[in-house]
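Mind the numbering: the sequence shown is residues -20 to -1, 1 to 128 in mature numbering (1 follows the signal peptide of the UniProt record, and there is no 0), read in order. As C-alpha cells, the structure follows; a few thoughts come after it.
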Amino acid sequence: MKPLSLALILCLGTAAAVEAQPLTCRSWQGMEVPYLGDATLKTVGGATMNARGRAVILLNPEILSTFPEPARDFFLAHECGHHALIPDYNTEAEADCFAMRLLRKKKLRTPEQVTALQDALTTLPDTAWAGHRPDAERIEALAHCPAE
C-alpha cells in the first residue's frame, strides 16, 4: 500500500494532488489516522483497523479521483468521523454531521456550496461506496446538521 498522497499524485497529477490532500484525521483517542491508498479495493474504501489494530482509512485513489471535488471532500471527512467520534456516537448520521461541521469550517461557506455537495453526492454510483452510500434522506439531512 502507498500513502494516499503519493497515490493521488500518480493518479491525479501533481497540481490536482495538492488540492486533493485529505484533511488531517485524529481518532477520538487523539491518535493520527493515516489515509492509505489501495488500488485493489473494489469500492472507494472506508474507515477500518489494520492488522495491528490501528485506525486507518483505506482508499482506492482511482475510484476516489472520479468523485466530484465536493463529494471527495465529504467522503474523506465522513470516514475520518468514524474514527474521530466516540464509539457510542459512531453512526452514519453522526459521521455525516461530523463531515459537515469540518467542511463548513474549511469549504462550505454558503447554502449554494451545500447544495452543490448534495448534488455531487446524488451523482455517485452505488458501487462506489462500501455499503453505506448516502440515500436521498441522508443527503437532504446534511443541510440540517448543527454547526457545533
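Beta carbons: idealized from backbone N, C-alpha and C, even for Gly.
- Distance from Ala108 to Val24 at the Cβ level is roughly 5 Å; contact confirmed, criterion being Cβ atoms closer than 8 Å.
- If you draw a straight line from the Cα of Thr90 to the Cα of Phe54, it comes to about 15 Å.
- Proximity to Ala123 across Gln93, His62, Leu16 and Trp8 peaks at Gln93, based on C-alpha coordinates.
- Each residue's CA atom was taken as its position, placing Val36 and Glu59 some 9 Å apart.
- Annotation: Leu97 to Thr103 spans about 10 Å, alpha carbon to alpha carbon.
- Here the alpha carbons of Lys22 and Leu83 stand approximately 26 Å from one another.
- DSSP lists no beta-bridge partner residue for Gly10.
- Distance from the CA of Leu44 to the CA of Ala57, rounded to the nearest whole angstrom, comes to 13 Å.
- As summarised for the segment 44 to 107, the continuous alpha helix (DSSP H) elements at least 4 residues long and confined to that stretch are 49 to 64, 72 to 86 and 91 to 102, given in chain order.
- One thing to note: Cys125 has its Cβ no nearer than 8 Å to the Cβ of Ala64.
- In the three-state reduction of the DSSP assignment, Ala27 falls in the strand class, which pools E and B.
- Distance check between Met11 and each of Ala75, Asn70, Pro48 and Arg34 places Arg34 closest, using alpha-carbon atoms only.
- Between the beta-carbon of Asp68 and that of Leu39 there is about 26 Å, and that puts the pair past the 8 Å contact cut.
- Take Asn70, set aside five residues on each side of it, and the residues of its chain with a beta-carbon closer than 7 Å to its own are His62, in chain order.
- Of the candidates Ala51, Ala79 and Tyr15, Tyr15 places its Cα closest to the Cα of Met29.
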